[in-house]
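Below is one structure, written out as structure tokens; the observations come after it.
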Amino acid sequence: MTLGQESSLIERAGGRETIEWAVDHFYDRVERDPILRPIYPQDLRPGREKLKLFFVQWLGGPPLYSERYGHPRLRRRHFPFVIDEQAAERWLALMSEALAAAGIPQAVRSAIEQRLRPLAFHMVNAHQDVPREPLGDVWME
Ligand code: HEM
């Protein structure tokens, strides 16, 4: 943390290791979840690693995701997966559990969850006619 600057959410959460632990824990829950598991691809490993890169960046750490994949364009990148409101709620619930299990302080969790909620609902696309073709590891501008 630089003097005179507010610390980033990632610092307040406990650093990169804590965030990566939380994402791993989140994915372990996705693996067992009857609503979310069918939405995700067979192999959960690539998504697990991408979400770690993205979370570090999104919480104020180095831009690890964008260095590899370009602009996040998250809504666009979720088009291949049919996501409804129930899936968004479940995603948020599992992430809240994972952040708590990682030992992130309550105030920091609340701040993260407040930012996650609109983003998760922005991903809902089940009622729209969007292109569903797989995108893979595409670079986006
Ligand atoms: C609303 C409920 C959500 C569902 C059901 C969902 C589901 C998925 C699925 C199925 C994938 C593909 C994984 C793969 O290709 O292996 C994915 C990728 C990803 N998700 Fe979500 N997601 C949701 C919300 C979010 C939110 C809120 C964020 C950000 C905080 C997020 C960040 C990402 C990222 C960064 C990727 C990787 C994108 C890429 O480079 O292909 N997702 N998600």
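Residue numbers (my numbering): 653 to 793. Every residue, glycine too, gets a C-beta built ideally from N, C-alpha and C.
For residue i, the three-state DSSP class (helix, strand or coil)
{"i": "Met792", "result": "strand"}
{"i": "Gly699", "result": "helix"}
{"i": "Val776", "result": "coil"}
{"i": "Val639", "result": "As shown, the chain starts at 653 and ends at 793. That puts residue 639 outside it, with no answer to give."}
{"i": "Phe731", "result": "coil"}
Residue i - partner residues in DSSP beta bridges
{"i": "Gly713", "result": "Paired residue(s): none; Gly713 is not in a bridge."}
{"i": "Gly722", "result": "Met792"}
Cutoff 6 angstroms; reference residue i; Cβ partners in own chain excluding five residues on either side
{"i": "Leu716", "result": "Leu705, Val708, Gln709"}
N- and C-terminal bounds of the alpha helix (DSSP H) containing residue i
{"i": "Ala754", "result": "Premise fails: Ala754 is in no alpha helix (DSSP H) and is neither H nor E."}
{"i": "His677", "result": "668–683"}
{"i": "Glu663", "result": "661–665"}
Residues near residue i in its chain [Cβ-Cβ closer than 8 angstroms; skip 5 each side]
{"i": "Leu744", "result": "Glu765, Leu768, Arg769, Ala772"}
Contact between the region 724–744 and the region 770–784 (3+ Cβ pairs under 8 angstroms): Counting Cβ pairs under 8 angstroms, three or more are found: they touch.
The region 746–754 / the region 658–674 touching (three or more Cβ pairs under 8 angstroms): With a cut-off of 8 angstroms, the region 658–674 and the region 746–754 count as touching, because enough Cβ pairs lie within range.
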